[in-house]
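Enquirer: Sharing a structure with you now.
There are 2 protein chains.
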Amino acid sequence: MEHKLQHTISLLACTPAALNALLRDLPETWTLRNEGENTWSAFDVVGHLIHGEKTDWMPRAKMVLQFGEKRTFEVFDRLAQVRESQGKSLGELLDEFARLRSQNLAELRGLNLRRQDLELRGRHPAFGVVTLSELLATWAAHDLTHLHQISRIMAHQYRETVGPWTAYLGVMQCAGHSS
Amino acid sequence: MEHKLQHTISLLACTPAALNALLRDLPETWTLRNEGENTWSAFDVVGHLIHGEKTDWMPRAKMVLQFGEKRTFEVFDRLAQVRESQGKSLGELLDEFARLRSQNLAELRGLNLRRQDLELRGRHPAFGVVTLSELLATWAAHDLTHLHQISRIMAHQYRETVGPWTAYLGVMQCAGHSS
Numbered sequence: 000m001e002h003k004l005q006h007t008i009s010l011l012a013c014t015p016a017a018l019n020a021l022l023r024d025l026p027e028t029w030t031l032r033n034e035g036e037n038t039w040s041a042f043d044v045v046g047h048l049i050h051g052e053k054t055d056w057m058p059r060a061k062m063v064l065q066f067g068e069k070r071t072f073e074v075f076d077r078l079a080q081v082r083e084s085q086g087k088s089l090g091e092l093l094d095e096f097a098r099l100r101s102q103n104l105a106e107l108r109g110l111n112l113r114r115q116d117l118e119l120r121g122r123h124p125a126f127g128v129v130t131l132s133e134l135l136a137t138w139a140a141h142d143l144t145h146l147h148q149i150s151r152i153m154a155h156q157y158r159e160t161v162g163p164w165t166a167y168l169g170v171m172q173c174a175g176h177s178s
Numbered sequence: 000m001e002h003k004l005q006h007t008i009s010l011l012a013c014t015p016a017a018l019n020a021l022l023r024d025l026p027e028t029w030t031l032r033n034e035g036e037n038t039w040s041a042f043d044v045v046g047h048l049i050h051g052e053k054t055d056w057m058p059r060a061k062m063v064l065q066f067g068e069k070r071t072f073e074v075f076d077r078l079a080q081v082r083e084s085q086g087k088s089l090g091e092l093l094d095e096f097a098r099l100r101s102q103n104l105a106e107l108r109g110l111n112l113r114r115q116d117l118e119l120r121g122r123h124p125a126f127g128v129v130t131l132s133e134l135l136a137t138w139a140a141h142d143l144t145h146l147h148q149i150s151r152i153m154a155h156q157y158r159e160t161v162g163p164w165t166a167y168l169g170v171m172q173c174a175g176h177s178s
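Chains U and V are the protein sequences, given in the same order. Reminder that position 24 of the first sequence reads as 23 in numbering that gives the first Met the number 0, one-by-one numbering, no gaps. Reminder that position 70 of the second sequence reads as 69 in numbering that gives the first Met the number 0, one-by-one numbering, no gaps.
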């Protein structure tokens, strides 16, 4: 299936408002609890999304355009949010995520990428050669994997509370899948 | 952990706006496609949530209050949305879901349930005796299981498009879990 950049941008544009509507008014029971030792809360996930806006997606896209396969992407720091979110409220993080995403999408649109530009190639530290198309599609799918994670983290808080219904709730059987 | 009804209501109140922000402005690539034969699209899921508002959660809660264990809940029709969503747009479904949820939460608040009321018992067609607490907690967790499902259905559309990154995206490894 051909990658339609406009579809990717549409999804990327919706995520901040969706997370804002889901999380902003919730009590901390839902947003600050995690799934156990060394796992993330919804608060942690929003911090991780912010770090991606700052260091991952657009910086890598610009690296592809400027250097192609000659320069390898920086390794993404999956724990940076622990440091960067300290002392902030969830509301502040949601605002910051929305602002950065909006800026990044304005910059992406400003690149006026043509269909053939999506085939440009860059170099990932683990995968080797990747295309700009794959990078930008992953930006959107990465939002979805973390929405998937947030719904699972929140459901985990009610694992006992739902009693026998846990058998009918797929999210309660989700093992996480991510490393 | 004690079930705080106010936390359940907070989550139930957020879901319609979260789904609206996520889905309303997306192209149909994201909202009308499913994960293959006999699976649901995001559109189908919103229809299913509507059917739950009409026939499942509050009708069952009221049955517990009125009849206790003496009357068994009606079996929930998991395919009703195929019929009931016909000819409607996703925008119409999102509006209908928001309206019904808002009405149901007003009715739930109006019951002024006390802590001890949550221990009242009803009869589920498969599980036998369940508590009002379990039923109401499941209403909220059911929102989360379907948010989990929607993020997975949408990610499925980019399974090929993300190239090698599929290995890093937990949502792409999610097998669905639900029957």
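Every residue gets a Cβ at the ideal spot worked out from N, C-alpha and C, and that includes glycine.
Spatial neighbours of G118 of chain U within its chain, please: C-beta separation below 8 Å, excluding the five flanking residues on both sides.
Expert: The sequence shown places Glu at residue 118 of chain U, not Gly. Within the same chain, E118 of chain U has close Cβ partners T130, L131, S132.
Enquirer: Reducing DSSP to helix, strand and coil, say where V161 of chain U ends up.
Expert: The answer is coil: DSSP assigns V161 of chain U none of H, G, I, E or B.
Enquirer: Please state the DSSP three-state secondary structure of G86 of chain U.
Expert: Three-state DSSP puts G86 of chain U in coil, outside helix and strand.
Enquirer: Is it buried or exposed for Q148 of chain U, if we count other Cβ within 10 angstroms and need 16 for buried?
Expert: When all chains shown are included, Q148 of chain U counts as buried.
Enquirer: At a Cβ cut of 9 Å, what residues of the stretch 17-37 of chain V count as close to chain U, listed as they run along the chain?
Expert: From the stretch 17-37 of chain V, only A17, L18, N19, A20, L21, L22, R23, D24, L25, P26, T28, W29 have a Cβ closer than 9 Å to chain U.
Enquirer: If you draw a straight line from the alpha carbon of C173 of chain U to that of T14 of chain V, how long is it in whole angstroms?
Expert: The straight-line gap from Cα to Cα measures roughly 20 Å.
Enquirer: From H123 of chain U to Q115 of chain U, what does the alpha carbon distance come to, in whole angstroms?
Expert: Taking the straight line from one Cα to the other gives about 20 Å.
Enquirer: Tell me, which residues are paired with T130 of chain V by DSSP?
Expert: DSSP, once it has assigned bridges, lists V:R120 as partnering T130 of chain V.
Enquirer: Among V:R70, V:G121, V:M153, which residue has its Cα nearest to the Cα of T30 of chain V?
Expert: Nearest option by C-alpha distance: V:M153.
Enquirer: Taking C-alpha atoms, which residue in V:D55, V:F96, V:R82 lies nearest to F75 of chain V?
Expert: Minimum Cα distance to F75 of chain V is reached at V:D55.
Enquirer: Output yes if chain U places a C-beta closer than 8 Å to the C-beta of Q148 of chain V; else output no.
Expert: Q148 of chain V counts as touching chain U.
Enquirer: When we look at the beta-carbon of Q65 of chain V and count the other beta-carbons within 10 Å, is it buried (16 or more) or exposed?
Expert: Exposed, by the Cβ-count rule.
Enquirer: Closer than 8 Å, Cβ to Cβ, to anything on chain U: give me those residues from the stretch 79-93 of chain V, in chain order.
Expert: Answer set for the stretch 79-93 of chain V: empty.
Enquirer: Does L10 of chain U have its Cβ less than 8 Å from a Cβ in chain V?
Expert: Yes, its Cβ sits closer than 8 Å to a Cβ of chain V.
Enquirer: Helix, strand or coil: which one does DSSP assign to T71 of chain V?
Expert: Three-state result, T71 of chain V: strand.
Enquirer: Taking G51 of chain V as part of the alpha helix (DSSP H), name the residues at either end of that continuous run.
Expert: Start and end: 41-54.
Enquirer: Give the DSSP-derived three-state secondary structure of C173 of chain V in the structure shown.
Expert: Coil.
Enquirer: I'd like to know whether the C-beta of P163 of chain U is nearer than 8 Å to at least one C-beta of chain V.
Expert: So, interface residue.
Enquirer: Would you kindly work out how many angstroms separate the C-alpha atoms of G35 of chain V and G109 of chain V, rounded to a whole number?
Expert: If you take the alpha carbons of G35 of chain V and G109 of chain V, they lie about 42 Å apart.
Enquirer: Any beta carbon from chain V within less than 8 Å of V44 of chain U's own beta carbon?
Expert: Chain V contact via Cβ: absent.
Enquirer: Would you report the Cα separation of A136 of chain U and L143 of chain U, rounded to the nearest angstrom?
Expert: Roughly 11 Å separates the two Cα atoms.
Enquirer: Count the other CB atoms within 10 Å of the CB of E95 of chain V; is the residue buried (16 or more) or exposed (fewer)?
Expert: Label assigned to E95 of chain V: buried.
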